[in-house]
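Engineer: Each residue of the sequence shown is one higher than the one before, starting from 2 at the first, in this note's numbering.
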Amino acid sequence: MTPQDSFDLVIFGGSGDLSMRKLLPALYHRHRDTRDTSGWRILAIGRQALTREQFLAVAQERGRRHIAAADFSDSAWAAFAERLDYISMDCAAAADYTHLVKRLGSTGERVRVFYMATTPTLFSTICGNLGKAGLVTPQSRVVLEKPLGRDLASAARINGEVGAVFAEHQIFRIDHYLGKEAVQNLIALRFGNVLFESLWNRNCIRDVQITIAETVGVEDRGEFYDGIGALRDMMQNHLLQLLCIVAMEPPTSIDADAMRDEKLKVLRALRPMSAKDVAAQTVRGQYRAGAVGGAAVPGYLEEEGIPAGSETETFVAIKAQVDNWRWAGVPFYLRTGKRMQERLAQIVVTFRDVPHALLPVSTSGSPCNRLVITLQPDEGLKLNIMAKVPGEAMALRPVSLDLSFTRTYRGRQWEAYERLLMDAVHGKLTLFVRRDEVDAAWRWVEPILGAWATQGAPLKQYPAGSWGPVSSNALIVREGHTWHEES
Ligand code: BG6
């Protein structure tokens, strides 16, 4: 066992939804599949006055709900539960930290991970209190959930206040999309193969599309979501991080700073949007009642916690441009929405047409080379190539070379949170976001928020169960492209 296999993980917001739905199930899996876990200690912190037994009962019930039946076993859960503890305290009250000090004891050399699964407005207070209580050791790290602030100023304030307690190398800003297996596979594909690099530029690539479509609505987060909207919830972080992985230059190594330096350059190369660009190149939408998967669902305004007449967007599509030598002139179409027709997260790289069409194309379908990286529902890679239709005539048809990770690699895939939690424990920052990346992302997003606030792009309605407002098709069709909507 290395020193890093022995750790205290303290989850603020430990009885909340993120903890129950993602963090504890992820830890359960890692615990079940790790040989020696005798050094693990997981402390959930919440305001609710629960005894350890009451907390464990709730966690087990939620675990059963969120862990696939084939992976859940009472004995594995019971072994995991031995590592779990609960402290009821008010994390905003400095005096309450004596409970935590007592529970953690004097384990200065042990790795301590403080996970902020709370609202971001509490990050600074909690970190300040941890500092004052003397709980921050050189072996401590803090994990910050998104959204980090509402804009550049609030993000800078949170980063500054957290930075007064933790050094930058101790701060793990999580973007769980970076923990997805398919995203890491894109890094492998780009930098572990010679095949694509010479084609990976404006000379050969016509456009890039990144879609994260969800079928769920705002679920039980209505009130919280209404103050955020899709641009802050998904675009400022997940979609821009995916764009960075597609567009970055090869780093000199996969060390955290080498990777993050290159991602930062991409964020800084994003062409700033004027109010006129925002009107022409962004679409914001809100779902109304409709049907998803055959079931009727309410509109956004009918969801619990949403104020009457809310103008919060649940869909956004943007045409972005990366102004550098590699990408000049290549549109990056980004879109995300709730209550869409399918759950689909994809990066689609469309290559240019051949310079001279020698052979006829026999069928409909896209007569071009396309690389489709699917993050969900089923992780995989498809490369569309043109092949001859069998028979006498010499005609072409698109076919795809298809790599499904689930079929190729047997066994379950790690969930994003499993990888990222263990990376935080092991002090690996590569898949976490650096402060200057957050700032650069906000810098690009802010003018869009500003223009929207002054009616630069009116809110469009779309029926739940569709692919978003029709104007999002117009955004791309007028340039001769179409959204790729096949899983
Ligand atoms: C979160 C957003 O970051 O990502 C949610 O806050 C969204 O609104 C979720 O539903 C989507 O994550 P995934 O991994 O289910 O696609």
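Every residue, glycine too, gets a C-beta built ideally from N, C-alpha and C.
1) Which residue's Cα is closest to the Cα of T407: E380, M395 and Y226?
2) Given the structure, does A346 come close to the ligand BG6, in the sense that its CB is under 7 Å from one of the ligand's heavy atoms?
3) Whole-angstrom Cβ separation of R327 and N202, contact assumed at under 8 Å?
4) On the premise that A118 lies in contact with F13, defined as a C-beta separation below 8 Å, what is that separation, rounded to the nearest angstrom?
5) When you compare each of V11, A80 and E54 to R31 by their alpha carbons, which one comes out closest?
6) Inspect the CB distances between the region 172-180 and the region 137-153 and report whether three or more fall short of 8 Å.
7) What does DSSP give as the partner residue(s) for D221 in the beta ladder?
8) Got a sec? Which residues, its chain only, sit under 6 Å from F56 by beta carbon, not counting five neighbours each side?
9) For K133, count neighbouring Cβ atoms within 10 angstroms of its own Cβ and tell me buried if that reaches 16, exposed if not.
10) Alpha carbon to alpha carbon, how far is L335 from D91?
11) For G338, is the classification buried or exposed, using 16 other Cβ atoms within 10 angstroms of its Cβ as the cut-off for buried?
12) Could you name each continuous alpha helix (DSSP H) segment of 4 residues or more that falls completely within the region 26-108, going from the start of the chain to the end?
13) Quick one: what does DSSP say N385 is sitting in, helix, strand or coil?
14) For the beta strand (DSSP E) containing P332, list its first residue and its last residue.
15) Could you give the distance in angstroms between the alpha-carbon of A280 and the alpha-carbon of L240?
16) Give me the Cα-Cα distance between A475 and G161, rounded to the nearest whole angstrom.
17) Can you list, in chain order, the residues of its chain whose CB lies under 7 Å from that of E480, leaving out five sequence neighbours each side?
18) I'd like the list of long-range same chain contacts for Y116, defined as Cβ closer than 6 Å, with 5 residues on each side in sequence excluded.
19) For G150, which residues from the same chain have a beta carbon less than 6 Å from its beta carbon, with the 5 sequence-adjacent residues on both sides left out?
20) Is M21 near the ligand BG6, with its Cβ less than 7 Å from a heavy atom?
21) If you draw a straight line from the alpha carbon of L101 to that of S254, how long is it in whole angstroms?
22) Quick one: residues in its chain with C-beta nearer than 6 Å to the C-beta of A417, no 5 flanking neighbours on either side, listed in chain order?
23) In this structure, what does DSSP give as the bridge partners for M341?
24) Taking contact to mean at least 3 C-beta pairs separated by less than 8 Å, is the region 460-476 in contact with the region 311-321?
25) Quick check on the DSSP output: the beta strand (DSSP E) that includes I175 runs from which residue to which?
26) Would you list the residues sitting across from K320 in a DSSP beta bridge?
27) Enumerated in chain order, which unbroken segments of the beta strand (DSSP E) with a length of 3 residues or greater are wholly contained in the region 407-477?
28) Considering Cα atoms alone, identify which of W468, P26 and R111 is closest to R340.
Structural biologist: In short:
1) E380
2) yes
3) 5 Å
4) 6 Å
5) A80
6) yes
7) According to DSSP, D221 bridges with nothing at all.
8) Y87
9) exposed
10) 40 Å
11) buried
12) 53-67, 75-82 and 98-105
13) strand
14) P332 to G338
15) 20 Å
16) 42 Å
17) P332
18) I12 and V144
19) A156 and I159
20) no
21) 39 Å
22) H177, G180 and K181
23) S467
24) yes
25) First-last for I175: undefined, no H or E at that position.
26) Y334
27) 461-464
28) W468
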